[in-house]
Amino acid sequence: MIKTMLANMAIILFMHLCVQHLYFTYGQKKKLTAIVHIIIVSLTVIALFYFPILIENRFRFDLRAIPISFIGIIQGPLYVIPVVIISAIGRLSLGGLGALPGVIFGITVPAVISLIIRYCVNWKKINYGKALLYSTIIWAACDLPFLFYVHLDTDFYLLRYITFQISMLILFSFTKLSFQHNHLLARFKFFADHDPLTKLYNMKRFNEEILKTKQTGTNKAFIAMLDIDHFKGINDTYGHQTGDQVLIDFAQTLLKFHRKGSIIARYGGEEFIAYKLAPTIEDAASSLDELRKYIEAQQFYTESGDPLRKITISIGIAPLFPESKLEQAVKIADGHLYKAKENGRNQVVF
């Protein structure tokens, strides 16, 4: 009996390794990831059917409720319902007098309880004490009904309970750890591609995104350099914290104005860079001039919430030819930006 329970635990932990590898490799937002996750858990439950503790050659006791409960609590009905259906078909195909009770108490009941727990509690806030409580509820719902059908020694139920809780707590611990690692990995990836202050793309990611876009006969590519006018005066007058707040708010304004066919990044300091597809440079300039007017109409605030003077920007634009390098277009656009500054700022030059 102990060997069988250890085999059950090993299968469940192997399932965790497979699911962990799946999410670390492919992320959480792909349909294929969801499908493979459902398949892994379903196959795990079915595999557990082949390592049972047989009672009176009728009832199969295993740890199938654990993977079903976990996918229900963490992923919800869209995941657990297919697992229940696949697992129920697998159990019924094995036959026996205990098939129907096994489907009801070993598959359906833990799925229902797990969904109730999911909608009552944020699983990320579940600690070990609550995990033990919820695990006990699930175990009781799965095992105790069999007391009315099978008269077994209390040592069996005690061993089942201990094995169930140990398996659940080990899987809970590994799952929490995997989510923490996944969260940290996502943050590392984000800050490898984004400016930490404004959360806009950095130049590395900006270059990568440009390479993904293609110019067509109707749309040509242009690079625009944007600079906040008199930004040094904001830092000198109100302090660098206010300057940082202006940069953050300015970046959010840029994102609101963001349109299809454009890419925005922070170039450095108070300078920003934009990639824009447009039929002509005049069309690109017209669109960017709308942005300039939009910025001028916005109210910006100090770090403490006091309104600032009007913020304006100067913009320089240059074409980015398919065969030319980004650095060449940036140099030309920067020269036009300098002219905009010389001509009185708050304008677009190309």
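Sequential numbering from 54 applies to the sequence shown in our numbering. Glycine residues also receive a C-beta, built at the ideal position from the N, C-alpha and C atoms.
Q: Please classify Thr216: is it buried, with 16 or more other beta-carbons within 10 angstroms of its beta-carbon, or exposed?
A: That one is buried.
Q | Three-state secondary structure (DSSP) of Tyr187 | A | Correct three-state label for Tyr187: helix.
(Q) Tell me which residues share the same chain as Gln73 and place their Cβ nearer than 7 Å to its Cβ, disregarding the 5 neighbours each side in the sequence. (A) Taking C-beta separations shorter than 7 Å and ignoring five residues to either side along the sequence, the partners of Gln73 in its chain run Ser231, following chain order.
Q.
Quick test of the definition: if touching needs 3 or more C-beta pairs under 8 Å, does the segment 305 to 316 touch the segment 383 to 397?
A. Fewer than three Cβ pairs drawn from the segment 305 to 316 and the segment 383 to 397 lie within less than 8 Å of each other, which leaves the two stretches out of contact.
(Q) Our contact map puts Thr295 next to Ile287 with C-beta atoms below 8 Å; I'd like the distance itself, whole angstroms only. (A) 6 Å between Cβ atoms; contact.
(Q) Suppose contacts are defined by Cβ-Cβ distances below 9 Å. Is Val299 in contact with Ile364 by that definition? (A) It is a contact, given that the beta carbons lie within the stated cut-off.
Q) Which parts of the segment 88 to 161 are runs of the beta strand (DSSP E), unbroken and 3 residues or longer, counting only runs that do not cross its ends? A) Taking only runs of at least 3 residues, the beta strand (DSSP E) segments lying wholly in the segment 88 to 161 are 106 to 108, 112 to 114.
**Q.** Val72, DSSP secondary structure in three states
**A.** In the structure shown, Val72 sits in a helix (DSSP, three-state: H, G or I).
Q: Run through the segment 315 to 349 for me and flag every whole beta strand (DSSP E) of 3 or more residues, listed as ranges in chain order.
A: Within the segment 315 to 349, the complete beta strand (DSSP E) runs of at least 3 residues are 315 to 321, 324 to 331.
Q: Using a threshold of 9 Å, state whether the C-beta atoms of Ala164 and Val133 are closer than that.
A: Yes.
Q. Just the Cα atoms here: how many angstroms apart are Ser220 and Leu153?
A. Taken atom to atom, the span from the alpha-carbon of Ser220 to that of Leu153 is near 25 Å.
Q: Could you tell me which of Pro198, Ile170, Leu197, Phe199 sits nearest to Leu185, measuring between CA atoms?
A: In this structure, Ile170 is the residue among Pro198, Ile170, Leu197, Phe199 with its C-alpha nearest to the C-alpha of Leu185.
Q) For Val137, which residues from the same chain have a beta carbon less than 8 Å from its beta carbon, with the 5 sequence-adjacent residues on both sides left out? A) Hits under 8 Å: Ile121, Ile160, Thr161, Ala164.
Q | C-beta contact flag for His69 and Leu224 at 9 Å | A | For the 9 Å CB-CB criterion, His69 and Leu224 form a contact.
Q: Identify, in the order they occur along the chain, each residue of the same chain with its Cβ nearer than 8 Å to the Cβ of Asp387, setting aside the five sequence neighbours on each side.
A: Excluding residues within five positions, the ones whose Cβ falls inside 8 Å are Met278, Gly369.
Q. How would you call Phe325, buried or exposed, if buried means at least 16 neighbouring beta carbons within 10 angstroms?
A. It is buried - the Cβ of Phe325 has at least 16 other Cβ atoms within 10 Å.
**Q.** Ile179 to Leu168 span [Cα, whole Å]
**A.** Cα-Cα distance, rounded: 15 Å.
Q. When you compare only the Cα positions, how much space is there between Pro135 and Ile92?
A. Roughly 9 Å between the two C-alpha positions.
Q. Per DSSP, what kind of secondary structure is Asp280 in: helix, strand or coil?
A. Three-state DSSP puts Asp280 in a strand.
(Q) Does Pro375 come out as helix, strand or coil in the three-state DSSP assignment? (A) It is coil, neither helix nor strand.
**Q.** Identity of the residue in Lys267, Ile106, Asp282, Pro360 nearest Gly314 by Cα
**A.** Of the candidates Lys267, Ile106, Asp282, Pro360, the one whose C-alpha sits nearest the C-alpha of Gly314 is Lys267.
Q: Just mark Gln352 as buried or exposed, buried being the case when its beta carbon has 16 or more other beta carbons within 10 Å.
A: So Gln352 ends up on the exposed side.
Q | Three-state class that DSSP yields for Gly358 in the structure shown | A | DSSP places Gly358 in coil when its eight states are reduced to three.
**Q.** CB of Ile263 within 9 Å of CB of Ile316, strictly
**A.** The Cβ atoms of Ile263 and Ile316 lie closer than 9 Å to each other.
Q. Which partner residues of Tyr254 appear in the DSSP bridge assignment?
A. Per DSSP, the beta-bridge partners of Tyr254 are His247, Ala318.
(Q) Does any residue of chain D have a CB that is nearer than 9 Å to the CB of Val133? (A) Judged by its chain identifiers, the structure shown contains no chain D, having just a single protein chain.
Q: Measure the alpha-carbon distance for Pro332 versus Thr251 and round it to whole angstroms.
A: Each residue's alpha carbon lies about 30 Å from the other.
**Q.** Check whether Phe275 and Ala371 have beta carbons under 9 Å apart
**A.** Cβ distance < 9 Å, so Phe275 and Ala371 count as in contact.
Q: From the DSSP output, read off the bridge partner residues of Phe303.
A: In the DSSP assignment, Phe303 is bridged to no other residue.
Q. Near Pro249, which residues of its chain fall below 6 Å by C-beta distance, leaving aside the five closest residues on each side in sequence?
A. Cβ neighbours of Pro249 beyond the five flanking positions: none.
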